[in-house]
Amino acid sequence: MGYRLFSVDSTANPSQHQFLEEIATQYGFTGDTRTAFLSRFDEVNAGKINKVLARYIEWNSDYADKAQKLQDELDTICQVLEQKGCTIKRVSADVKKRGRSPKGQSPWEQAFKWLWKEKFPEWQQRHDQNNAVPSEQAQKNAVCGFLAEIEDRFKYIRLLHIREQRIVLQDQYIPIQVTLERKYKHEIETIFSYAESEGELKRVYALKHQEDSQPTQVDWAEAKQQHQRIMVLADPGMGKSTLLKMEAGLTAESERKCLESNGKNVEDAILPLFLRLSDLVDEKQADIFSAEIIDAIPLILGKEYCNTLQDNLETAAVIGQILNEKLRTGKCLLLLDALDEVPQKHRLYLSKKLNRFVRNYPGSIICTSRIVGYGGGFLDGAKEVEIVPFSQKQTEEYIEFWFKNAAGYLNDDSVSAPALIRELQNKPQIRGLAQNPLLLSLICSLYQEKGLTLPARRCQVYEQAVCYMLGKWSQNRQPQSEGRMVAKTRFLSELAYHFTCQGQEIFSRDQLYDRIEEYLQGERVPTSFKDADTGDLIVELSEQDGILQKLHEDGDQYLFLHRTFQEYLTACYLHRAKDGIDRAKAHFWEYEWHETLSLMAGLMKNPIPLLEAIRKEKDDIFQTQLLLAGRCIAECKDISHLLIGEIIDSIYQFWCRYLNTEFIKSVVVTLGQTNIQMIEKLRQALKHEDEYVRRNAAVALGNIGNSQALEALIAALKDENEYVRLYAAEALGNIGNSQAMEALIAALKHEDWPVRWKAAEALGKIGNSQAVEALIAALKDEHEFVRGKAAEALGNIGNSQAVEALIAAFKDEDWEVRRNAAWALGKIGNSQAVEALIATLKHKYFDVRRNAAEALSNIGNSQAVEALIATLKDEDWDVRLYAAWALGKIGNSQAVEALIATLKDKYFD
């Protein structure tokens, strides 16, 4: 384990730590030199000899002679300190011959004494003068202002088709779910995961004839309560950054309101800090790159938050003090975005720095990363979770919110949320796209355009989105000729290709300026760009078209609107280039390029040459090139060719051999959403002699969501194997159209209770009120598991028609049915449900009373306050605890006195 810089149990106090850090920055110590300085000149280490200390310093490289490395760095440090006024008496040559310097007389020891006896008292005097403790009110005002700026920064989003119109993020946001285990673990992402034989592959994955492991899927709110450090993983456009921005905005709002109402003091307030991980290792910012995390964060924030940290120096000083203290005491929520944007060469360095921070300081951290390219183990002790794609219910809610927020700004008044929902139900190939929030937002913006046919493939979505962003949706009020839009698209594709090859997603204004200048001075500059001004073109592409965005409002760094647009435009460049396939070959084995390569295939009128080039590659045991070819086919329009049939058949056979491998299953599902050949193979697989193949075929068809599989899945409800029947019912729930609904409602009367149980669960996930009547009847099913799941499903649907039946379910003999009925009433949450739950607080079963109190806490209706106060005297301590919790969440001052009295309850901790 590496040496802990300024461990919390050391004798070094925070001011000494700050002194050393400031000296290191002031004197320009970076990299290993800075690390050596902070280690050797820490008073805690004064008694350690160099040879011992050098072994525990976390050097940037693994040096063979660490003691000599430390000595070399000390020589450099001492030379700098001499220039700064330190007098060092050098040992004579005769003394050197007799051995090392006398104790306490080596150059670094002399410098050590000078630093602590002369420089530190001077620094401390200045520091004390500059850091007089501000009044409590001044601190409160400063923190409230800082939190308000964080709120405002993350409060709004813009609709793509009308960018001048801001909408409140909370009004559009759909709460996500995550898996508590890595469902889509891409073991093939790094060379360390390559097995050496077919036998090794089987051993690593233990694939053949195993039960599917279903990862635990929970609401994000529950996941973040369970873990202090989290790594959130997801594919592009799944809402990783939006999640962190929501956390920042909501936390800032909550903490500010608590401070203003005196519900919290400044000391206890939590500061949510959103940062890009790439900013922590920005080589152009030498002070930040070399600094420890605890010192880098204030430097970054000082440059970003101009209202509170730049424009008002007095406020900035107050916030600076408070921020430093909160970072040390764990009163900051660190929201660190986009590990995938950090250059590979810096990821290990950043990981070490971040882990030094978490070892020495408490506090909550949430990081995000794309799945592809994430090797695991970046943040010690972090729980890795994956964002779950939108369910049908979430997709429909998003569309309904979008059309509500866009009302008055639609280009076609005849379109509506229900119409788009129906179209998605009838186009399964688009339904897969709609599970991704970014793509769904693009689909919504495209759908509201008059006369536009909704695209069915991702490359078409991006193609149309770019076309509209550069034209009709642009804030440039000058007429946009088709030629100019083409010229801008071609320039952007060259720009995207250049920076993608450089491994860059963020680029400076100077780099952007140089690329435009080079393009405009080329031999084949488009006529639409004749006499174009580079500065004006930057403004047009960023401020008017929005395809390029500033990383920070007042900064000089840019990036594409989203990484997926950079990938699409890179694919456009490869598609147009005469040697595009040859250029693409260089990236067949780079997983970060597979998205681009599949989009390239989708753009090609004839993708066969690309597919042939991929298949000519010598494949590995993971069939990486085969699966890449499959992803490419999924992006192509439906074409008939012998090679395509061979690739699909090979992928199907590979899947049959390794049924439980997620990276294979994901390709099968992706193909099935666009290619009828894969659908047909999976339909036939429902009749396979191997029950494991049948059950996994049902799962795959459910994930694909194609109604063409309905008849085969309905037939599978009668399969001889119980698991096949269960997965067939679940698959019907995933398809979720009216025909599937009818099959599931009928399945509520299936002779096997597990099928009835799974049908109830599926109907709850679909969330359609057409199922309410059948689910109410299922509350009287002979099996308690079915009754419990029916109650839960009614809560998910949220229809008030079920209230009376759920109240009656409180008399059920099974405690889980009673619990789910209370939970369901809490989800429905209307006044009738509240009244029923209040009455239930006097139920004879303690678990029903407890669940009623919990449900009332979820509703948060002040109508329940008096009844909950009375429940604080319940004979069961568990019920009293939940009643207290509910009153706390409701937040009515009427309950304060009663809650204070509960502090004397011997059962409460």
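Per the numbering used here, residue 384 is the first one in the sequence shown, and the count goes up by one each step. A virtual CB, placed ideally from N, CA and C, is assigned to each residue, including glycine.
I'd like to confirm the pairing. Which residues does DSSP put opposite valine 551 in its beta bridges?
DSSP, once it has assigned bridges, lists Tyr539 as partnering valine 551.
What three-state label does DSSP hand arginine 1201 in the structure shown?
Three-state result, arginine 1201: helix.
Between leucine 1251 and the rest of its own chain, which residues show a CB-CB distance below 6 Å, the 5 nearest in sequence each way excluded?
Excluding residues within five positions, the ones whose Cβ falls inside 6 Å are Ala1266, Ala1269 and Leu1270.
Could you spell out the range, first to last residue, of the alpha helix (DSSP H) harbouring cysteine 827?
Residues 820–830.
Please state whether DSSP places arginine 753 in a helix, a strand or coil.
It is a strand residue.
According to DSSP, what are the bridge partners of lysine 1272?
In the DSSP output, where bridge partners are listed per residue, lysine 1272 has none listed.
Which residues mark the beginning and the end of the beta strand (DSSP E) in which cysteine 1019 is found?
Here cysteine 1019 belongs to no beta strand (DSSP E), and DSSP marks it neither H nor E.
Using CA coordinates, which residue listed in Asn428, Trp499 and Arg473 is at the minimum distance from isoleucine 406?
Comparing Cα-Cα distances from isoleucine 406 to each of Asn428, Trp499 and Arg473, the minimum goes to Trp499.
Between the region 952–966 and the region 877–897, are three or more C-beta pairs nearer than 8 Å?
Touching, yes, given that three or more Cβ pairs across the two stretches are closer than 8 Å.
Could you check where the beta strand (DSSP E) with glutamate 779 kicks off and where it finishes?
Unbroken run through glutamate 779 is the alpha helix (DSSP H), 775–788; no beta strand (DSSP E).
Taking only the alpha-carbon atoms, compute the straight-line gap between tyrosine 974 and lysine 1064 and give it to the nearest angstrom.
Those two C-alpha atoms are separated by around 27 Å.
Kindly provide the ranges of any beta strand (DSSP E) runs that are 3 or more residues long and lie completely inside the region 885–970, ordered along the chain.
With a minimum length of 3 residues, the continuous beta strand (DSSP E) runs that stay inside the region 885–970 are 931–933 and 940–943.
With DSSP collapsed to three states, give me the class of lysine 766.
Lysine 766: strand per DSSP, three-state reduction.
How would you write the range of the alpha helix (DSSP H) that alanine 1174 sits in, first residue to last?
Start and end: 1167–1180.
Does DSSP put aspartate 665 in a helix, in a strand, or in coil?
Reduced to three states, the DSSP call for aspartate 665 is coil.
What's the call for glutamate 1165, buried or exposed, on a 16-neighbour Cβ count within 10 Å?
Classification for glutamate 1165: exposed.
Out of Phe402, Gln847, Ile1034 and Ala606, point me to the one whose CA is closest to glutamine 507's CA.
Of the candidates Phe402, Gln847, Ile1034 and Ala606, the one whose C-alpha sits nearest the C-alpha of glutamine 507 is Phe402.
Return the residue from the list Glu1000, Met1124, Leu1239 and Pro990 that minimises the CA-CA distance to isoleucine 1022.
Isoleucine 1022 has its Cα closest to that of Pro990, out of Glu1000, Met1124, Leu1239 and Pro990.
List the residues that DSSP assigns as beta-bridge partners of arginine 1263.
Answer is none; arginine 1263 lacks a bridge partner.
I'd like the span of the beta strand (DSSP E) that includes methionine 621, first residue to last.
Methionine 621 -> no beta strand (DSSP E), and no H or E assigned at all.
Please tell me whether leucine 1000 and phenylalanine 1037 are closer than 9 Å, where the distance is taken between their beta carbons.
One point to set straight first is that residue 1000 is glutamate, not leucine, in the sequence displayed. No; because the gap between Cβ atoms is not below 9 Å, this pair is not in contact.
Please name the residue in Lys1101, Lys1210 and Glu1187 whose C-alpha comes closest to that of glycine 1147.
The candidate whose alpha carbon is nearest that of glycine 1147 is Lys1210.
For the alpha helix (DSSP H) that valine 1248 lies in, which residues bound it at each end?
1248–1254 is the span of the alpha helix (DSSP H), which, as asked, contains valine 1248.
Where does arginine 473 fall in DSSP's three states?
Arginine 473 falls in the coil class under three-state DSSP.
For phenylalanine 786 versus glutamine 818, is the C-beta distance shorter than 9 Å?
No, Cβ-Cβ distance for phenylalanine 786 and glutamine 818 is not below 9 Å.
By DSSP, does phenylalanine 761 sit in helix, in strand, or in coil?
Reduced to three states, the DSSP call for phenylalanine 761 is coil.
Could you tell me the alpha carbon to alpha carbon distance between threonine 1347 and glutamate 1249, rounded to whole angstroms?
Past the edges of the chain, shown from 384 to 1292, lies residue 1347, and the structure says nothing about it.
What's the C-alpha gap between cysteine 1019 and leucine 986?
Going by the C-alpha atoms only, they are around 8 Å apart.
Within 10 angstroms of the Cβ of tryptophan 1260, are there 16 or more other Cβ atoms? Answer buried if so, exposed if not.
With fewer than 16 other Cβ atoms within 10 Å, it is exposed.
Would you kindly work out how many angstroms separate the C-alpha atoms of isoleucine 460 and lysine 735, rounded to a whole number?
Isoleucine 460 and lysine 735: Cα-Cα distance of roughly 23 Å.
With distance defined between alpha-carbon atoms, name the residue in Gly1150, Leu1189 and Ser1183 nearest to glycine 1171.
Residue Leu1189 is the option with its Cα nearest to glycine 1171.
Assign phenylalanine 657 to one of three DSSP states: helix, strand, or coil.
Reduced to three states, the DSSP call for phenylalanine 657 is strand.
From proline 619 to phenylalanine 948, what does the alpha carbon distance come to, in whole angstroms?
Going by the C-alpha atoms only, they are around 10 Å apart.
Since threonine 418 is in the alpha helix (DSSP H), which residue starts that stretch and which ends it?
Note, threonine 418: alpha helix (DSSP H), 414–423.
Once DSSP output is grouped into helix, strand and coil, what is the label at leucine 718?
Leucine 718: strand per DSSP, three-state reduction.
With which residues is leucine 616 paired in a DSSP beta bridge?
Partner(s): Ser752 and Glu769.
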